[in-house]
Amino acid sequence: MSVLEIVGGVLLLLAAVILIVIVLMQHGKTSALGGAITGGSSESFLGKKGTSTADAALTRLTRIAAIVFVVLVVAVEVAMAFANK
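Going by the numbering used here, the letters in the sequence shown line up with residues 21 to 105, in that order.
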C-alpha cells in the first residue's frame, strides 16, 4: 500500500464518521407515535419554528459534509487510477 492509499482511506473514514454523526444528531421530520396521540399537531408554545435554527444549521452542515465526502471519494478514486498506471 502506498502512502496515498493510506491517507485517502483515513480521510474517507473520517469524513464518513463525521457524516454519520451529523445525520444522527438531526431530529426526524415525522412525529411518529406522538402524532397519533396528539392528533398530528406539531405546534407548541413557541410555534412551528421554535427550534428551526438548530435544525437548519444541522441540515446545512449535513449537505456540506455529504458534498465533501463525495468529492473525497472521487478525488481518491482518480488519484488511485493515476497511481496505478
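Quick reminder that beta carbons are idealized off the backbone N, C-alpha and C, glycines included.
For Gly-28, the secondary structure class from DSSP, reduced to helix, strand or coil, is helix. Leu-78 has its alpha-carbon roughly 31 Å from the corresponding atom of Glu-25.
Taken atom to atom, the span from the alpha-carbon of Val-43 to that of Leu-32 is near 16 Å.
Per the coordinates, the alpha-carbon of Phe-89 lies some 16 Å from the alpha-carbon of Met-100. By the neighbour-count definition (other C-beta atoms within 10 Å, threshold 16), Gly-48 is an exposed residue.
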